[in-house]
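Working notes for the structure below.
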Amino acid sequence: MADLSIDGTGHRARLRQRLFEGGPDALLDHELVEYLLALALPRRDTKPLAKKLIHEFGGYGGLLSADSEAIARIGDISEGAVAALKIAQASALRLLKSEIASRPVLGSWQALLDYLHADMAHEPIERVRVLFLNSKNMLIRDEKMSEGSVDEAAVYIREVMRRALDYHATALIIVHNHPSGDPSPSQQDIRLTRDLVEAGRHLRIAVHDHVIVGAKGHSSMRAMGLI
């Protein structure tokens, strides 16, 4: 792969100045990606590449959440350039997670939704995670329980409850994503949730909610009256 040698010093300096003066909203999505890629590809015109990647992965969030090998293959770029994008994703998730780590989860609900959306909404396959909480609704553990195909991931109620007992959790929130983008719960989702609630009742473990996230938003089964 041959880098395109250009004199981008002036252009990148202008992007940097806009970022410093106006904050993150001062740059368009492709400009953020362009600048990130330029850190690893300083002699290449990264603007066309940034636009291509955003288009191929369906947007900024989809690109940052994409598999590293897929980004490298589609963009025809090095591991270093891919790492520049993935470190941006990791930094964003770390910041969002810090907002919920030190406060009761139910008292910082919007922060939780922002974190879950950033982490799961653009995943290409379905994944299930469980947030285990203590008696004060503080987060004990955020654990990925399973992953599956583009439309299904297996969840075993016995395993969820066993992990809750292992962590001495008194409550939990189950979360999964819909790769289709539509967060509406299926009948299978509703049955699973009610089975979890029933199993938890016998063990005195409350199931606070089942949240489904997708590119088009989120659904809360508690808010929908399904729990």
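Residues in the sequence shown are numbered consecutively from 63, following the numbering used here.
The beta-carbon is built from N, C-alpha and C at its ideal position, and this holds for glycine as well.
Here the structure is a predicted model, which means the values were calculated and not measured.
Nearest residue (CA-CA) to N239, options G123, A132, A112 and H179:
H179
Specify whether the region 170-186 and the region 122-134 touch according to this definition: at least 3 beta carbon pairs, one from each stretch, less than 8 Å apart.
yes
Leaving out five residues on either side along the sequence, give the residues of the same chain with a beta carbon under 8 Å from the beta carbon of D257.
I219
With DSSP run on the structure shown, which of helix, strand or coil describes V95?
helix
Does DSSP put V217 in a helix, a strand or coil?
Coil at V217, not helix or strand.
Endpoints, alpha helix (DSSP H) assigned at R156:
Note, R156: alpha helix (DSSP H), E141 to A163.
C-alpha gap between A216 and E209, whole angstroms:
Going by the C-alpha atoms only, they are around 7 Å apart.
To the nearest angstrom, how far is it from the Cα of D69 to the Cα of Q79?
Note that D69 scores 47 on pLDDT, short of 50, meaning its location in the model is unreliable; the coordinates nonetheless yield the value given after this. Between D69 and Q79, the C-alpha separation is close to 17 Å.
For the beta strand (DSSP E) that I274 lies in, which residues bound it at each end?
A268 to G276
With a 10 Å radius around its C-beta and 16 neighbouring C-beta atoms as the bar for buried, classify F82 as buried or exposed.
exposed
Grab the span of the alpha helix (DSSP H) containing L115 for me, first residue to last.
K109 to E118
Note down the Cα distance separating P166 from A231, rounded to an integer number of angstroms.
14 Å
Evaluate D138 with the Cβ neighbour count: other Cβ atoms within 10 Å of its Cβ, from every protein chain shown; 16 or more gives buried, anything less gives exposed.
Here D138 is exposed, its C-beta having fewer than 16 other C-beta atoms within 10 Å.
What whole-angstrom Cβ distance do A143 and A88 have, given they're in contact under 8 Å?
Between A143 and A88, the beta carbon gap of about 23 Å keeps them out of contact (Cβ cut-off 8 Å).
Out of curiosity, what's the CA-to-CA distance linking V192 and R203?
8 Å
When you compare each of P245, L115, P241 and A150 to A134 by their alpha carbons, which one comes out closest?
Nearest C-alpha to A134: L115.
So, helix, strand or coil for I187, using DSSP?
coil
Quick one: using the 10 Å Cβ neighbour count with 16 as the cut-off for buried, is G287 buried or exposed?
exposed
Please report the straight-line C-alpha distance between L66 and R105, rounded to a whole angstrom.
Its pLDDT being 40, under 50, L66 is placed unreliably in this model, and the coordinates cannot settle the point.
L168: first and last residue of the uninterrupted beta strand (DSSP E) it sits in
L168 -> no beta strand (DSSP E), and no H or E assigned at all.
Is it true that the CB of P241 sits closer than 9 Å to the CB of E188?
Less than 9 Å separates the beta-carbon of E188 from that of P241.
Between which two residues does the alpha helix (DSSP H) containing R253 stretch?
It spans Q249 to L265 - the alpha helix (DSSP H) in which R253 sits, taken as one unbroken run.
What did DSSP end up calling A180 once you bin it into helix, strand or coil?
helix
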